[in-house]
Amino acid sequence: MNATEIATVKAEALAEAQGAADAAALEAVRIKWLGRSGQLPAIMKTLGTLVPDERREAGRVANELKNELTTALDERKAAFEAATARTSASAFDATLPGRWRALGSLHPITQVIERATAIFRTMGFTVATGPDIETVFNNFTALNTPESHPSRSPSDTFYLKDDQILRTQTSPVQIRVMLNQKPPIRIIAPGRCYRRDTTDATHSANFHQIEGLYVDRQVSLADLKGDVSHFAKQMMGPDVKVRFRPHFFPFTEPSVEYDFSCHVCGGKGCRVCKHSGWIEISGAGLVNPRVFEQVGIDANAWQGYAFGMGVERIAMILFGIGDIRNLYENDARFLAQFG
Ligand code: DAH
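For my numbering, count along the sequence shown from 1 and bump the result up by 49.
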């Protein structure tokens with residue numbers, strides 16, 4: 050290669066060094082040109098074929114190529130290193146404002162369950178659990194629900210198999226506890242329930258209940274009223290009123306439903322309480338002796354009360370939520386209000 054040819058190649062090599070995008074690309078350029086089996090040693094080998102004058106001139110340009118390329122590579126390498134240093138720890142600026150990170154918060158349903166659980170713990174209750182997938186026996190039969198009862202129908206209940214359903218209530222946890230534990234018993238069982246309901250402002254195909262069961266030698270409706278009223282005041286505040294109405298459930302006798310006065314309007318009537326001033330919270334009653342029979346507890350020796358409260362109902366009046374669907378859509382703007 051003569052001097053002119055080497056000068057052309059030199060320009061090419063310098064351009065490659067300038068164009069390298071990062072340190073790795075730069076190193077590749079160095080190896081390509083200056084490496085032991087690179088372009089420059091190959092050029093040097095061709096010089097021997099030139100006449101002495103031309104060889105001297107070509108040797109000079111080849112040397113320039115080596116020196117200028119080395120300088121260009123070194124400069125660019127330094128520039129890359131400086132850029133890395135700027136973004137690393139040595140460039141830490143303690144005066145910059147901190148980075149804001151959005152904090153999550155507990156879902157209103159979880160908040161209600163945790164608060165209710167804490168209140169019942171102070172009243173001597175412990176927490177029992179059961180699976181979402183239940184047997185027909187635990188969910189219906191042992192709870193004295195007749196074969197013909199409409200709630201057993203596949204249009205009301207999700208069946209997985211003939212004898213396997215998604216529980217429609219937390220009441221089957223009562224059965225599980227009484228089959229495994231001797232009285233006295235004092236448990237609550239918060240959990241998720243499933244029904245084939247069409248979703249609207251107050252219904253959802255899955256929802257939560259807190260079951261309660263108290264079994265002892267002497268238990269009366271007065272105990273139920275006293276305990277529920279105490280819970281209501283702890284949960285909603287001292288001004289809440291509780292109203293008991295006669296009702297029917299197969300697993301309690303007598304049975305009641307109870308309402309809390311609406312926390313949103315203070316009982317005057319609003320959208321959340323459908324202008325009645327009251328919100329239906331729970332079914333309850335004294336444990337039916339037929340249920341005791343199913344689980345082998347002597348109904349002559351033991352009595353009990355039970356209740357099953359709607360968690361969504363409590364959440365709605367506690368937080369003033371008008372539509373149950375808000376609780377399930379997981380809109381972050383909605384949930385952020387309950388942090
Ligand atoms: N399981 C009933 C329901 O979902 C609520 C209920 C009523 C639970 C009376 C009870 C009870 O424990 O005693 O409608």
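C-beta: ideal position from N, C-alpha, C; glycine also.
Query                                                                                                                                                       : Result
With the cut-off set at 9 angstroms, would you say Ala191 and Val340 are in Cβ contact?                                                                     : yes
Below 8 angstroms on the Cβ atoms is my guess for Thr219 versus Cys242; work out the distance and round it to an integer in Å.                              : 6 angstroms
What distance in whole Å lies between the Cβ atoms of Pro299 and Pro397, which are believed to be in contact at a cut-off of 8 angstroms?                   : Here the chain covers residues 50 to 388 and nothing more, so residue 397 does not appear.
Assuming the contact rule is C-beta atoms closer than 8 angstroms, Phe387 and Ser154 should be a hit. Round their C-beta distance to whole Å, please.       : 6 angstroms
Taking only heavy atoms of ligand 1 into account, decide whether any of them is closer than 8 angstroms to the Cβ of Gly261.                                : yes
Scan the segment 346-379 and note each continuous beta strand (DSSP E) run of 3 residues or more that stays entirely inside, going in chain order.          : 352-359
List the endpoints of the continuous beta strand (DSSP E) containing Glu302.                                                                                : Thr301 to Ser310
Would you say the segment 88-98 touches the segment 111-122, given that touching needs at least three Cβ pairs under 8 angstroms?                           : yes
Whole angstroms is fine: what's the gap from Asp347's alpha carbon to Tyr354's?                                                                             : 15 angstroms
List the endpoints of the continuous alpha helix (DSSP H) containing Leu335.                                                                                : Here Leu335 belongs to no alpha helix (DSSP H); instead the beta strand (DSSP E) covers Trp327 to Val336.
In whole angstroms, what is the alpha-carbon distance linking Gly179 and Asp265?                                                                            : 22 angstroms
Just the Cα atoms here: how many angstroms apart are Thr251 and Leu376?                                                                                     : 11 angstroms
What residue from Ala111, Leu96, Gly84 and Phe297 has the CA that sits closest to Ala56's CA?                                                               : Ala111
Counting only the same chain and skipping the five closest in sequence on each side, list residues whose C-beta sits under 8 angstroms from that of Gly357. : Gln218, Thr219, Ser220, Gln258, Ile259, Glu260, Gly261, Ser331, Gly332 and Ala333
Would Ile363 and Val161 qualify as a contact pair, given that the criterion is a beta-carbon distance under 9 angstroms?                                    : yes
Please tell me whether, using a cut-off of 8 angstroms, the distance from the CB of Gln258 to the nearest non-hydrogen atom of ligand 1 is below it.        : yes
Taking DSSP as the reference, what is the three-state secondary structure of Thr184?                                                                        : strand
On the CB-based measure, 16 or more other CB atoms within 10 Å of its CB, does Gln223 come out buried or exposed?                                           : buried
Among the candidates Pro303, Glu306 and Ile328, whose CA atom is the shortest distance from the CA of His312?                                               : Ile328
By DSSP, does Arg241 sit in helix, in strand, or in coil?                                                                                                   : strand
With distances taken between CB atoms, is the gap from Met50 to Thr119 smaller than 9 angstroms?                                                            : no
Using the DSSP secondary-structure output, state which residues sit across from Lys210 in a beta bridge.                                                    : Gln213
Mapping the DSSP letters down to three states, classify His279 as helix, strand or coil.                                                                    : helix
Can you name the residues that DSSP bridges to Glu260?                                                                                                      : Ala238 and Gly357
If you reduce the DSSP assignment to three classes, tell me which class Val291 lands in.                                                                    : strand
Hey, would you say the C-beta of Ala333 is under 8 angstroms away from at least one heavy atom of ligand 1?                                                 : yes
Taking 9 angstroms as the threshold (C-beta atoms), are Arg125 and Ala64 in contact?                                                                        : no
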